[in-house]
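Take a look at the structure set out below.
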Amino acid sequence: MNRRRRRGQAGGRGFSSVWKHFFHCVEKCRNIFPLCGKKSRFFPQCGKSALALLLALFAAAGAAGERPDSPAGQGRGGLPIARLAMWCEFMPYAQVAAELPVLAKYDCDLILHVERESFSDPDFAPLLRAAERAGVGVDAWLLLPYEEHLYVGQASIAYTRDLARQAADYFEEENLKVRAFVFDCEPSPLLGRELFAAVRARSPRQLVQALRAQLDPEGFQRDTAEINRLIAELRARGYAVDGAANRAFLDAQARRNVALEDALNAPVSGVAWDALSFITYRYRASQLTYVAMLNRYAALAQRLYGDRAALDVGLIGDYHDIPANEQRAALFGGGAAFYGYLRGMRNSFELQEAVGVVLGCGVRRINLYALDGAATSVAGTANWLKAARRARPLPPVARWTPVRSLQFGALGALTEKTFRWCTGGSETSHGNIEFREPAGGAGQRQP
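Numbering (this note's numbering), first residue to last: 378 to 824.
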């Protein structure tokens, strides 16, 4: 009897040990998540073999469960990236021109900062002509002065319209080839400073008051319609129009709540974008946490936007020495806390893994942030682009982080529910969410 009890206890301990090592390897093993941990030196060889067989069966089952015509299924073979592009926010145009050969070598388009000062910059038009000769596609990323809210949103529609028309006129007069306009739909730095101050003060009440004060359902619908009219105007002139937005919107959109977009003055879901990218940067997170983050938000983006979805991956390199960031830190009032977010990836293999996660979720448009950090990093632009091009879609088991995935899911649900309960912003106040799609043939320069 005692021997049977001991054998049962030993069996229980053995099962528990195998189960513990299974989840340890799922979240930590380098063979599954490169650069994200260690294998236990005490894990027996037979256990490794059994685990490898078990994971192979899981992967085979996952692949068998995906239709061949699904985005994830199609991404497993051939060239998985449909479009690779790189943001450029601060770099002078003459320096950008020096990076064109490497961008062309890795078939990477350029999402280029365009301000009012660009049209009088002697290096701007030559850069666009050089890009055309090199075969590098260029998107015009419109950026406004800080006092005009910098980004595209409800408070900056008139400014954005003027800048977009001025840019389109300039491109046509100078016979310059530009593929698309990019509208970066984020809270303006002026609103961002107010929200950031509430967070730093650890005052939920102050944060809720700031968000609730922005809610205006009728004004939100009117401003969304204005943005759609501007996009239709630009399409009629032969340009695609892409959007960019923060990943936090996906949590609300997945729960059919458009009110968060109103609270942050950034219409997104109701705009008929040719493509829409979601800003999903690593910032201070660990690589394993970043894998879980990308896994969640790439999957949500693909589910809600299909082939139009893109993900912004980064930061790559370092951004502490860019003078404009000092101005932004002062504007947001963040100081050292703001600078803490400017340290990007240092290892190109981490970028390769990150891109593989996004591709594995079926999102095949990848935007890297940014050329500013890549060109000045030790790795150089070429190694970052090489890493992105080497990435292949990771199967579900290779990007599975059960604990962290649950954390991101719970955080997303809690954030949306808290916003809904505290501000009153919901389907009741703003109506059902509507995902607008562009008309057929829109954006003739869209590849």
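Glycine included, C-beta positions come from ideal geometry on N, C-alpha and C.
- Close Cβ partners of Glu-571 (< 7 Å) along its chain, the five nearest in sequence each way excluded: By 1-based counting over the sequence shown, the position of residue 571 is 194. Once the five neighbours on either side are set aside, the close Cβ partners of Glu-571 are Ala-587.
- Task: For Ser-580, count neighbouring C-beta atoms within 10 Å of its own C-beta (all shown protein chains included) and say buried if the count is 16 or more, exposed if not.
- Result: Translated into the one-based positions of the sequence shown, residue 580 becomes position 203. Exposed, by the Cβ-count rule.
- Message: Measuring straight from C-alpha to C-alpha, what distance separates Val-576 and Asp-593?
- Response: Numbered from 1 along the sequence shown, position 199 holds the residue referred to as residue 576. Numbered from 1 along the sequence shown, position 216 holds the residue referred to as residue 593. Taking the straight line from one Cα to the other gives about 23 Å.
- For Asn-623, does the three-state DSSP call read helix, strand or coil? Locating residue 623 in the sequence shown gives position 246, where the first residue counts as 1. In this structure, Asn-623 counts as strand in the three-state DSSP scheme.
- Along the alpha helix (DSSP H) that carries His-807, what are the first and last residues, could you check? Within the sequence shown, residue 807 is the residue found at index 430, counting from 1. It spans 804 to 807 - the alpha helix (DSSP H) in which His-807 sits, taken as one unbroken run.
- With DSSP collapsed to three states, give me the class of Trp-518. Translated into the one-based positions of the sequence shown, residue 518 becomes position 141. Trp-518 falls in the strand class under three-state DSSP.
- Query: Asn-672: which of Tyr-682, Thr-657 and Gly-683 sits nearest, CA to CA?
  - Reply: On the sequence shown, residue 672 is found 295 positions in, with the first residue counted as 1. Among Tyr-682, Thr-657 and Gly-683, the Cα nearest to that of Asn-672 belongs to Thr-657.
- Using only alpha-carbon positions, find the residue among Arg-538, Ala-643, Ile-743 and Thr-753 that is nearest to Asp-695. For the purposes of this step, residue 695 is taken as the residue at position 318 of the sequence shown. Closest option to Asp-695, Cα to Cα, is Thr-753.
- Could you tell me the distance, in whole angstroms, from the CA atom of Arg-659 to the CA atom of Glu-476? Your numbering for residue 659 matches position 282 in the sequence shown. Your numbering for residue 476 matches position 99 in the sequence shown. If I take the Cα positions, the gap works out to 24 Å.
- Could you check which residue in Arg-813, Tyr-523, Glu-727 and Tyr-718 has the C-alpha nearest to that of Gln-704? The residue labelled residue 704 in the question sits at position 327 within the sequence shown. Closest by alpha carbon: Tyr-523.
- Counting only the same chain and skipping the five closest in sequence on each side, list residues whose C-beta sits under 6 Å from that of Ser-654. Working through the sequence shown from its first residue, we reach residue 654 at position 277. Ala-621, Ala-687, Asp-689 and Asn-744.
- Task: State buried or exposed for Asn-552, treating a residue as buried only when at least 16 other CB atoms are found within 10 Å of its CB.
- Result: Here residue 552 corresponds to residue number 175 of the sequence shown, with the count starting at 1. Burial call: exposed.
- Query: Roughly how many angstroms lie between the CA atoms of Lys-554 and Ala-517, to the nearest whole one?
  - Reply: Position 177 of the sequence shown, counted from the start, is the residue given in the question as residue 554. Position 140 of the sequence shown, counted from the start, is the residue given in the question as residue 517. Their backbone Cα atoms lie some 10 Å apart in a straight line.
- Could you check the C-alpha separation between Pro-651 and Pro-815 for me, to the nearest Å? The residue you call residue 651 lines up with position 274 of the sequence shown. The residue you call residue 815 lines up with position 438 of the sequence shown. Checking the sequence, you will find Asp at residue 651 rather than Pro. Cα-Cα distance, rounded: 6 Å.
- Message: Can you list, in chain order, the residues of its chain with a C-beta nearer than 8 Å to that of Ile-810? Leave out the 5 residues immediately preceding and following it.
- Response: Here residue 810 refers to the residue found at position 433 when the sequence shown is read from its first residue. Closer than 8 Å at Cβ, skipping near neighbours: Gln-630, Arg-633, Asn-634, Val-635, Ser-646, Gly-647 and Glu-804.
- Query: Below 8 Å between beta carbons: does that hold for Arg-614 and Ala-545?
  - Reply: Here residue 614 refers to the residue found at position 237 when the sequence shown is read from its first residue. Here residue 545 refers to the residue found at position 168 when the sequence shown is read from its first residue. Closer than 8 Å, so yes.
- Task: Provide the residue(s) that pair with Trp-464 in DSSP beta bridges, ordered along the chain.
- Result: Numbered from its first residue, the sequence shown carries residue 464 at position 87. Answer is Ile-488, bridged to Trp-464.
- Query: CB Leu-627 to CB Leu-692, shorter than 8 Å?
  - Reply: The residue labelled residue 627 in the question sits at position 250 within the sequence shown. The residue labelled residue 692 in the question sits at position 315 within the sequence shown. No, Cβ-Cβ distance for Leu-627 and Leu-692 is not below 8 Å.
- Message: If I follow the unbroken alpha helix (DSSP H) through Leu-791, where does it start and stop?
- Response: Counted from its first residue, the sequence shown places residue 791 at position 414. 779 to 800 is the extent of the alpha helix (DSSP H) around Leu-791.
- Query: Can you pull the DSSP bridge partners for Phe-573?
  - Reply: On the sequence shown, position 196 is the one that residue 573 refers to. In DSSP, Phe-573 forms no bridge with anything.
- Item | Buried or exposed by the 16-neighbour rule on C-beta atoms within 10 Å, applied to Glu-793 | Position 416 of the sequence shown holds residue 793. Burial call: buried.
- Message: For Gln-531 and Arg-599, what's the separation of their Cα atoms in angstroms?
- Response: Position 154 of the sequence shown, counting from 1, holds the residue named residue 531. Position 222 of the sequence shown, counting from 1, holds the residue named residue 599. If I take the Cα positions, the gap works out to 9 Å.
- Between the CA atoms of Arg-624 and Gly-596 - distance to the nearest angstrom: Mapped onto the sequence shown, residue 596 falls at position 219. Mapped onto the sequence shown, residue 624 falls at position 247. Cα to Cα, the separation comes out at about 23 Å.
- Task: Starting from the Cα of Gly-362, find the closest Cα among Asp-561, Glu-638 and Ala-617 and give me that residue.
- Result: Only positions 378 to 824 of the chain appear in this structure, which leaves residue 362 out of reach.
- Message: Less than 8 Å between the beta carbons of Val-529 and Asp-486, yes or no?
- Response: Taking the first residue of the sequence shown as 1, we reach residue 529 at position 152. Taking the first residue of the sequence shown as 1, we reach residue 486 at position 109. No.
- Beta-carbon proximity of Trp-826 to Ala-731, cut-off 8 Å: Past the boundaries of the shown model lies residue 826; the chain is included only from 378 to 824, so the question cannot be answered.
- Item | Cβ-based neighbour list, Gly-750, same chain, cut-off 7 Å, excluding 5 preceding and 5 following | On the sequence shown, position 373 is the one that residue 750 refers to. Around Gly-750: Leu-692, Ile-693, Gly-694, Asp-695, Tyr-696 and Gly-721.
- Query: With DSSP run on the structure shown, which of helix, strand or coil describes Tyr-660?
  - Reply: Along the sequence shown, read from residue 1 onward, the residue named residue 660 stands at position 283. Tyr-660 falls in the coil class under three-state DSSP.
- Task: Look at Leu-771 and Gly-739 and say whether their C-beta atoms are less than 8 Å apart.
- Result: Numbered from 1 along the sequence shown, position 394 holds the residue referred to as residue 771. Numbered from 1 along the sequence shown, position 362 holds the residue referred to as residue 739. For Leu-771 and Gly-739, no; Cβs fall outside 8 Å.
- Task: Check the C-beta distance from Gln-729 over to Ala-768 and give it rounded, since I have them as a contact under 8 Å.
- Result: Looking up residue 729 in the sequence shown gives position 352. Looking up residue 768 in the sequence shown gives position 391. Contact holds; Cβ gap of about 5 Å.
- Task: Give a yes or no on whether the C-beta atoms belonging to Leu-607 and Ala-669 are separated by under 8 Å.
- Result: As a first step, residue 607 must be located in the sequence shown, where it is residue number 230. As a first step, residue 669 must be located in the sequence shown, where it is residue number 292. Contact flag unset, no.
- Task: Return the residue from the list Thr-601, Asp-539, Gln-543 and Ala-662 that minimises the CA-CA distance to Phe-812.
- Result: Here residue 812 is taken as the residue at index 435 of the sequence shown, counted from 1. The residue with the shortest Cα to Cα distance from Phe-812 is Thr-601.
- Burial state of Gly-801 (16 or more Cβ within 10 Å): Here residue 801 is taken as the residue at index 424 of the sequence shown, counted from 1. Counting Cβ neighbours within 10 Å, Gly-801 comes out exposed, since fewer than 16 surround it.
- Query: Quick one: what's got a C-beta closer than 8 Å to Val-755's C-beta in the same chain, skipping five residues either side?
  - Reply: Locating residue 755 in the sequence shown gives position 378, counting from the first residue. Result list for Val-755: Arg-723, in chain order.
- Quick one: Cα of Arg-510 to Cα of Trp-798, how far? Position 133 of the sequence shown holds residue 510. Position 421 of the sequence shown holds residue 798. Between Arg-510 and Trp-798, the C-alpha separation is close to 54 Å.
- Out of Leu-521, Asp-561 and Glu-549, which has the shortest C-alpha to C-alpha gap to Tyr-536? In the sequence shown, residue 536 corresponds to position 159, counting from 1. Per the Cα distances, Leu-521.
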